[in-house]
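Novice: Sending over a structure as structure tokens; questions will come in a sec.
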Amino acid sequence: MNRFFLIFFIYLFIVNSHSIDLNLPASALQNATNGLILTKIMPSSVIQNPAVIKTGIETSISYLYNLSELPYYNFSSGFRFKKFTISLNSNLLNHQFYKENIASLGVNYQVKNITMGISSRFLYNSVENYHSFSKFVFDAGVLYERGEVSTAFAMKNITQTDFFDTPLPIFFLWESNYKISQASNISIGLEKQQDFYFSFKMATIYTFFDVFSLISSYQYNPERLGAGALIKIKNYEIIYSIRSHKYLSLTHYISFCYAFKK
Amino acid sequence: MLLKSRIVLFFLISFQIVFCYSSPEEFISDDENSLGEDYYSQILENLKQSPINLNKASYQELEELFWLSSEQISILWNLQNKGEIKSYKQLIKAGFSKKNVEELKPYITFEIIKNYDLTLQSRIYSKEVDQSKNSPLNIYQRVKGNFNKFKFCFLHQKDPEEKRLLNFYSYYLEYYSDDYLQKILIGKYRLEFGQGLLFASKLGLSKGTASTSIPFKKYNSLKGYTSSYEIWALEGVAFVFKYKHFFFTPFYSDTKLKANLNNNKISSFNKSGIDISDSSGNVSEQIYGANIAFLRTETKLGITFAKFAFDKQFDDNKYPSKYSGLSSYFNTRINEIEFFGEIASIDEKFAGVSGIRWGDQRIKQLLLFRKYPDHLINWHANSFTSASMKNETGIYYGLKIIPRIRTKINFYIDIWKYPKVRYFEKMPTTGNEEFLQFETFSKFRKIAITLKHKNKEKYKTIDDESIIRDFEQTLLRIDWWSYYDLMKIKTRFEFANEYLPENKLFKNGILIYEQVKFIYKSLEIVGQITVFHSQILHYMYEYALDGTMETSVFSGDGVHTYLLLKYDWNKTFETQFKISDRWNENNCFKIGFQFILKL
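From first to last, the protein sequence lines are chains G and W. The opening residue of the first sequence carries number 17 in our numbering; numbering runs sequentially from there. The opening residue of the second sequence carries number 2 in our numbering; numbering runs sequentially from there.
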């Protein structure tokens, strides 16, 4: 029961901070994989798909496109509670005149090879001297795992909520992962935002000596490359990554993660 | 127990080799054709004519077999260190498959070097030239030999319409030994160091089918100049001294170049090699410098310094006539990760290339970054680039996957920016290129499906409106090979298009060909018929006389054919004959003959 109150308290704390919904990468790993999550599952994976989560705590920071006025902070956490996994997350884009924030609470449940998850996101948007607004949005996802293959599907904003008289984006995300060798995984995925073309993604991760991994990815439409390195020491993981943009500078990202023991 | 572990080791090595192997042919005629990439055919021709001696070659020389993986190079190196390699069977025993060895044969030898050898090569080519008063003949001759510890070469070439037989010539005399003084080279030569930011062969290619091999250079050499590329050879004297793992290469060059002058200032250089006016070199270039390198089997570190001086000023005052260059480079391998890079300061402008390659037998990846400032001087350089090694920053990612034994996927994406104004484009632009090839083969057939897409921002005028527009080029190609005892048949279907999305302007074209290659003992016959119907350009590599590169360019409607015959009379005398013709608005009939005499 104490754990339940702790989770509830963290959720309330996050909700009271500022928040956003631009589907930006929520961690250095997602920055390196262009948003694909099955190559390596982390606490922040749940932001892309509520069915995919690893228990632990992860915090990340980036200056988007290397612009010091666009800091982007993330916090993700996942807790096992009997047969459920509960996640709490917060993202903050903190510009001097423009702030966006997402705080989310998710839950998923595993039945044999299938995991189903749902999450609620509290969106907050504030433009200096113009408006501030907030809304709840719901996401749902499913994950299927069998042997060396896993597949996940998610829909974001299933209730088709609008936000300040503007429809919020509805995302469909599909991803499949294949463990190509003992040391490497490859994922391919599609992302479809309503009223936009499909975006194709591919990511790989390769692990050396169980402690060091290299991550690389490609996204088509728009064309982007992501790359990163992960160092794992016991239950701690540090990830640094970069991601290209057609016109702007590279986005550098760094994450720290502590994984709970199973 | 020992036997068991040896068996396991043998299988592991064999397994790895099966997975890692790429054949040299994949770099040329079979896969690269319409992409206009014929650089590797030149390298392979050079290798064919000076095969790598597996018993004598240094680790760096073994790396010239560039299609082999690092693991395979290590196997050859270990074999050499264990004792003399006497037969191909030893390679098979060490883990190379029979097919691997068959494909390696033209490029390797393990014979004890003879006290002398001499090769004479003479070629004459005639091309249909309209309204020309000059000779349409292309004439090429080369004498190359080895005597005791000396190597020598002389070659000359006259292109069609040029008047003088010695319009282009190259020569060198080389002394080599295993002592402290490893090499003295007098005459025309070339230098290649690091990733090629200061010195590299100008024919180098940045991207190709082997997505994780081609961008990663391992240059560190001084070689006599045998290429028929008529510009940027160095001419003078160079030495290589060796002390343990350290190599010191001082060099001096004073050569003449053919340039177009404007008010006695250099406006451009004649890179094509075709010199109708038949002038001798009108600009002098002087270079001196040195390289110090530390070379071990899988680690290279080096520094190169050079001073350059032209005897004339440049029309564009952003290019100095006198400047200096300093570069440092490295590459090293730690288990399954290889790191490489080079940084250079040329006329006080900094440029850099760095990368990392990693993976195992199933998956190999390469990531490369480069940054070149505007007006970077690169007359002798050729490192990884999307265009001209100037005003460019970019990231390249290559991926090779072998999901099953007989299936291979190669993929790359290159994303770049030109941060400064380039050519006519009047504002910074960007571009990207993606390549995907799926290949599957069996003993009797092979199929390759290739998709290449390029999107570049270009300044174009349409309906009196001049703006930067996206310009997309897409190529889809399907190749099918059928193998028989004496014959190989290849069929190609190629569809290409160009598209301006904003204006919805669409051009396309198709090209289909059938190629038959027949080999019986010393006789080799290749015949091909190509049909094309296109609004845009298609490029296709052709089988050609040894030592030549032929990339045909097709546009419009037409048919193109050629027939190539090679006959090796008695291992010392080989004759080759080629005839080709094209039926469309640009008829082009060519006929060529070559003999090679080896003593």
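All C-beta atoms in this analysis are idealised placements derived from N, C-alpha and C, irrespective of residue type, glycine included. Since the structure is predicted, the reported quantities are computational estimates derived from the model, not experimental observations.
#1: Taking a contact to mean a Cβ-Cβ separation below 8 Å, would you say TRP78 of chain W touches THR298 of chain W in this structure?
#2: For THR49 of chain G, count neighbouring C-beta atoms within 10 Å of its own C-beta (all shown protein chains included) and say buried if the count is 16 or more, exposed if not.
#3: Report yes or no: is there a C-beta of chain W within less than 8 Å of the C-beta of GLU239 of chain G?
#4: How many Å lie between PHE149 of chain G and LEU184 of chain G at the Cα?
#5: Within the continuous beta strand (DSSP E) that includes LEU296 of chain W, where are the two ends?
#6: Answer with buried or exposed for ASN129 of chain G, where buried requires no fewer than 16 other C-beta atoms within 10 angstroms of its C-beta.
#7: What is the residue span of the alpha helix (DSSP H) that GLU144 of chain G lies within?
#8: Count the other C-beta atoms from every protein chain shown that fall within 10 angstroms of the C-beta of GLU495 of chain W, then say buried if there are 16 or more, exposed otherwise.
#9: If you draw a straight line from the alpha carbon of VAL165 of chain G to that of LYS56 of chain G, how long is it in whole angstroms?
#10: Does any residue of chain G bring its CB to less than 8 Å from the CB of TYR22 of chain W?
#11: Taking Cβ-Cβ distances below 9 Å as the criterion, which residues of the stretch 186-214 of chain G are in contact with chain W?
#12: To which residues of the same chain is SER23 of chain W closer than 6 Å at the C-beta, ignoring the five residues directly before and after it?
#13: Report the three-state DSSP secondary structure of THR49 of chain G (helix, strand or coil).
#14: What would DSSP say about PRO107 of chain W, mapped onto helix, strand or coil?
#15: Looking at the strands, I want to know which residues DSSP matches up with LEU566 of chain W.
#16: With 16 other CB atoms within 10 Å as the buried threshold, where does GLU27 of chain W fall?
#17: Here's the rule: buried if 16 or more other CB atoms are within 10 angstroms of the residue's CB, otherwise exposed. What is ASN147 of chain W?
#18: Give the DSSP-derived three-state secondary structure of GLY37 of chain W in the structure shown.
#19: Can you look up LYS94 of chain W in the DSSP assignment and give me helix, strand or coil?
#20: Should ARG363 of chain W be flagged as near chain G, meaning a C-beta pair shorter than 8 Å?
#21: Please tell me whether LEU54 of chain G has its Cβ less than 8 Å away from any Cβ of chain W.
#22: Starting from ASN263 of chain W and walking both ways along the beta strand (DSSP E), at which residues does that stretch end?
#23: Use the C-beta contact count for MET488 of chain W: other C-beta atoms within 10 angstroms, 16 or more gives buried, fewer gives exposed.
#24: Taking the alpha-carbon positions, what's the PHE555 of chain W to TRP417 of chain W distance?
#25: With LYS262 of chain G and THR441 of chain W assumed to form a contact (beta carbons below 8 Å), what rounded beta-carbon distance in angstroms separates them?
#26: What residues of chain W sit near TYR234 of chain G, judged by a beta carbon separation below 7 Å?
#27: What are the uninterrupted segments assigned as beta strand (DSSP E) that are 3 or more residues long and contained completely in the stretch 351-422 of chain W, given in chain order?
#28: To the nearest angstrom, report how far apart LYS447 of chain W and LEU538 of chain W are at their CA atoms.
#29: Helix, strand or coil, according to DSSP, for ARG81 of chain W in the structure here?
#30: Of the choices W:LYS461, W:LYS372, W:ILE378, W:TYR320, whose alpha-carbon is the least far from that of ILE347 of chain W?
#31: For ASN251 of chain G, which residues from the same chain have a beta carbon less than 8 Å from its beta carbon, with the 5 sequence-adjacent residues on both sides left out?
#32: When the distance is taken between beta carbons, is GLY237 of chain W closer than 8 Å to LYS257 of chain W?
#33: Is any beta-carbon of chain G found at less than 8 Å from that of TYR221 of chain W?
#34: Find the residues of chain G that neighbour ASN433 of chain W, judging by a C-beta separation of less than 8 Å, and give them in chain order.
#35: Give the residues of chain G in contact with TRP359 of chain W, contact being defined as C-beta atoms less than 7 Å apart.
#36: Give the straight-line distance between the Cα atoms of SER384 of chain W and ALA201 of chain W, rounded to the nearest whole angstrom.
Specialist: Judging by the given coordinates:
#1: Mapped onto the second sequence, residue 78 of chain W falls at position 77. Mapped onto the second sequence, residue 298 of chain W falls at position 297. Cβ atoms of TRP78 of chain W and THR298 of chain W: closer than 8 Å.
#2: Translated into positions along the first sequence, residue 49 of chain G becomes position 33. Burial state of THR49 of chain G is buried, judged by a 10 Å Cβ sphere holding 16 or more other Cβ atoms.
#3: Taking the first sequence and counting its residues from 1, one reaches residue 239 of chain G at position 223. Yes - at least one Cβ of chain W is within 8 Å of the one on GLU239 of chain G.
#4: Position 133 of the first sequence holds residue 149 of chain G. Position 168 of the first sequence holds residue 184 of chain G. Approximately 13 Å, taken between the alpha carbons.
#5: Reading the second sequence from its first residue, position 295 is the one you call residue 296 of chain W. For LEU296 of chain W, the uninterrupted beta strand (DSSP E) segment begins and ends at 284-297.
#6: Within the first sequence, residue 129 of chain G is the residue found at index 113, counting from 1. The Cβ neighbour count for ASN129 of chain G, taken over all protein chains shown within 10 Å, is under 16; the residue is labelled exposed.
#7: In the first sequence, residue 144 of chain G corresponds to position 128, counting from 1. It is not in any alpha helix (DSSP H) - GLU144 of chain G carries neither H nor E in the DSSP assignment.
#8: One-based indexing of the second sequence puts residue 495 of chain W at position 494. Using a 10 angstroms sphere on the CB of GLU495 of chain W, the tally of other CB atoms reaches 16 or more, which defines it as buried.
#9: Stepping through the first sequence from its first residue, residue 165 of chain G is reached at position 149. Stepping through the first sequence from its first residue, residue 56 of chain G is reached at position 40. Taking the straight line from one Cα to the other gives about 13 Å.
#10: What you label residue 22 of chain W is simply residue 21 of the second sequence in a count that begins at 1. Residue placement at TYR22 of chain W cannot be trusted, given a pLDDT of 36 that sits under 50; the coordinates are not used to answer.
#11: TYR194, ILE196, SER197, GLN198, ALA199, SER200, ILE202: these are the residues of the stretch 186-214 of chain G whose beta carbon lies less than 9 Å from some beta carbon of chain W, given in chain order.
#12: Your numbering for residue 23 of chain W matches position 22 in the second sequence. The pLDDT assigned to SER23 of chain W is 39, lower than 50, so where the model puts this residue is not dependable; a value taken from the coordinates is nonetheless given after this. Excluding its 5 nearest sequence neighbours in each direction, SER23 of chain W has C-beta neighbours in its own chain below 6 Å: TRP68, ALA211, listed in chain order.
#13: Taking the first sequence and counting its residues from 1, the one referred to as residue 49 of chain G is at position 33. Helix, per DSSP.
#14: In the second sequence, residue 107 of chain W corresponds to position 106, counting from 1. In the displayed model, PRO107 of chain W falls within a helix according to three-state DSSP.
#15: Along the second sequence, read from residue 1 onward, the residue named residue 566 of chain W stands at position 565. Answer by DSSP bridge pairing, in chain order: W:ILE526, W:PHE578.
#16: Counted from its first residue, the second sequence places residue 27 of chain W at position 26. Note on GLU27 of chain W: pLDDT 41, under 50, position unreliable in the model; no value is reported.
#17: One-based indexing of the second sequence puts residue 147 of chain W at position 146. The residue in question, ASN147 of chain W, is buried, as its Cβ has 16 or more Cβ neighbours within 10 Å.
#18: Here residue 37 of chain W is taken as the residue at index 36 of the second sequence, counted from 1. Low confidence applies to GLY37 of chain W: its pLDDT is 38, below 50, so where it sits in the model is not reliable, and the reading given next is rough at best. In the structure shown, GLY37 of chain W sits in coil (DSSP, three-state: anything other than H, G, I, E or B).
#19: The residue given as residue 94 of chain W occupies position 93 in the second sequence. Helix, per DSSP.
#20: Here residue 363 of chain W refers to the residue found at position 362 when the second sequence is read from its first residue. For ARG363 of chain W, the nearest beta carbon of chain G is closer than 8 Å to its own beta carbon.
#21: One-based indexing of the first sequence puts residue 54 of chain G at position 38. It does not; no Cβ of chain W falls within 8 Å.
#22: Here the question's residue 263 of chain W lines up with position 262 in the second sequence. Counted as a single uninterrupted DSSP element, the beta strand (DSSP E) harbouring ASN263 of chain W occupies residues 260-263.
#23: Within the second sequence, the letter at position 487 stands for residue 488 of chain W. Under this definition MET488 of chain W is an exposed residue.
#24: In the second sequence, residue 555 of chain W corresponds to position 554, counting from 1. In the second sequence, residue 417 of chain W corresponds to position 416, counting from 1. When rounded, the distance between both Cα atoms is 29 Å.
#25: Taking the first sequence and counting its residues from 1, one reaches residue 262 of chain G at position 246. Taking the second sequence and counting its residues from 1, one reaches residue 441 of chain W at position 440. Their Cβ separation, rounded to whole angstroms, is 34 Å, which puts LYS262 of chain G and THR441 of chain W out of contact at 8 Å.
#26: Your numbering for residue 234 of chain G matches position 218 in the first sequence. Result: TYR398, ILE414.
#27: For secondary structure counted as the beta strand (DSSP E) over 3 or more consecutive residues, the stretch 351-422 of chain W holds these complete runs in sequence order: 364-373, 393-405, 408-419.
#28: By one-based count along the second sequence, residue 447 of chain W stands at place 446. By one-based count along the second sequence, residue 538 of chain W stands at place 537. Answer to the nearest angstrom: the Cα atoms are 26 Å apart.
#29: Looking up residue 81 of chain W in the second sequence gives position 80. The displayed chain sequence assigns Gln, not Arg, to residue 81 of chain W. GLN81 of chain W: helix per DSSP, three-state reduction.
#30: Translated into positions along the second sequence, residue 347 of chain W becomes position 346. With distances taken between Cα atoms, ILE347 of chain W lies closest to W:ILE378.
#31: Here residue 251 of chain G refers to the residue found at position 235 of the first sequence. When the five nearest sequence neighbours on each side are left out, the beta carbons in the same chain lying within less than 8 Å of the beta carbon of ASN251 of chain G are those of GLY72, TYR274, ALA275, PHE276, LYS277, in order along the chain.
#32: Position 256 of the second sequence, counting from 1, holds the residue named residue 257 of chain W. Position 236 of the second sequence, counting from 1, holds the residue named residue 237 of chain W. Cβ distance not < 8 Å, so LYS257 of chain W and GLY237 of chain W don't count as in contact.
#33: Stepping through the second sequence from its first residue, residue 221 of chain W is reached at position 220. Correcting the residue type first, residue 221 of chain W is Asn in the shown sequence and not Tyr. No, ASN221 of chain W does not count as interfacial toward chain G.
#34: Here residue 433 of chain W refers to the residue found at position 432 when the second sequence is read from its first residue. In chain order: GLU239, LYS262.
#35: For the purposes of this step, residue 359 of chain W is taken as residue 358 along the second sequence, with counting starting at 1. Residues of chain G passing the Cβ test: TYR222, LEU230.
#36: Numbered from its first residue, the second sequence carries residue 384 of chain W at position 383. Numbered from its first residue, the second sequence carries residue 201 of chain W at position 200. Using only the alpha carbons, I get a separation of about 7 Å.
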